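Residue numbers (my numbering): 260 to 472.
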């Protein structure tokens, strides 16, 4: 079976089964001492939960291309964070896709939890109440990006459908100076630190990754 066909079959399986994968044998994205990150000073493990103490994003040293990323997160009111994928430049937040992590929304459909920031809203709201753990399974394969959120696929995107700078397929504007189809297809993964006016914390746990060969 060809790689793209295999990926589409995987996405279909996740969507129809409404289940997240068994990650028992998967690799931890972050070492417990954070030694595999670029600059861990603003982040700590509190037990098995990863928490930001500053605004800084936690970036992996390694770059990832095609992969499945599985994680849980918990928010409180006004929490604002995100999962950055395949960054082309870790010093430029607009060089990476960001899957939004919020208590609910930041005022627009492109900012609500599980959206691809400023590019694509989730197909539905699947968030649990603040204080409860949520579950993402994010799959990237070439131009294809899928997000399964608490057992439901809410994002199924083909980045090749974003051929224009600062413009989404539906004609709405976005902030990206590079067309999403031209974004890096391999790069570091990051967790956004304390963000927004409230600087409210977000907790992450069980952050696991499986590289797709």
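Beta carbons: idealized from backbone N, C-alpha and C, even for Gly.
Model, not experiment: these values are computed from the prediction.
Nearest candidate by alpha-carbon position, reference residue i, set the options
| i | options | result |
| --- | --- | --- |
| residue 460 | 322, 332, 318, 324 | 332 |
| residue 407 | 373, 325, 466 | 373 |
| residue 455 | 341, 294, 398 | 341 |
| residue 463 | 349, 449, 421 | 449 |
| residue 457 | 294, 314, 285 | 314 |
| residue 447 | 302, 427, 354, 305 | 354 |
| residue 410 | 389, 290, 385, 298 | 385 |
| residue 398 | 383, 375, 392 | 375 |
| residue 312 | 472, 318, 299, 319 | 299 |
| residue 317 | 383, 370, 288, 440 | 288 |
| residue 307 | 425, 472, 292 | 292 |
| residue 335 | 472, 453, 471 | 453 |
| residue 426 | 283, 369, 285, 278 | 369 |
| residue 428 | 329, 380, 359 | 380 |
| residue 451 | 284, 441, 359 | 359 |
| residue 328 | 305, 283, 367 | 283 |
Collapsed DSSP secondary structure at residue i in the structure displayed
| i | result |
| --- | --- |
| residue 419 | helix |
| residue 453 | coil |
| residue 440 | helix |
Whole-angstrom distance between residue j and residue i, CA atom to CA atom
| i | j | result |
| --- | --- | --- |
| residue 418 | residue 437 | 12 Å |
| residue 361 | residue 338 | 5 Å |
| residue 431 | residue 469 | 34 Å |
| residue 394 | residue 309 | 15 Å |
| residue 435 | residue 421 | 11 Å |
| residue 401 | residue 297 | 25 Å |
| residue 343 | residue 301 | 17 Å |
| residue 322 | residue 387 | 31 Å |
| residue 466 | residue 444 | 21 Å |
| residue 424 | residue 326 | 26 Å |
| residue 403 | residue 415 | 7 Å |
| residue 405 | residue 319 | 21 Å |
| residue 303 | residue 295 | 13 Å |
| residue 363 | residue 383 | 12 Å |
| residue 324 | residue 471 | 8 Å |
| residue 278 | residue 392 | 15 Å |
| residue 351 | residue 439 | 14 Å |
| residue 396 | residue 286 | 14 Å |
| residue 367 | residue 441 | 25 Å |
Residue environment, residue i, which counts as buried when at least 16 other CB atoms sit within 10 Å
| i | result |
| --- | --- |
| residue 378 | buried |
| residue 290 | exposed |
| residue 357 | buried |
| residue 281 | exposed |
| residue 346 | buried |
| residue 433 | buried |
| residue 412 | buried |
| residue 348 | exposed |
Going residue by residue through the region 354-426, where are the continuous alpha helix (DSSP H) segments of at least 4 residues, counting only ones entirely within it? Counting only runs of 4 or more, we get nothing.
So within the region 278-344, which uninterrupted beta strand (DSSP E) runs reach at least 3 residues, ignoring any that extend past its ends? Runs found: 302-305, 308-311, 326-334, 339-344.
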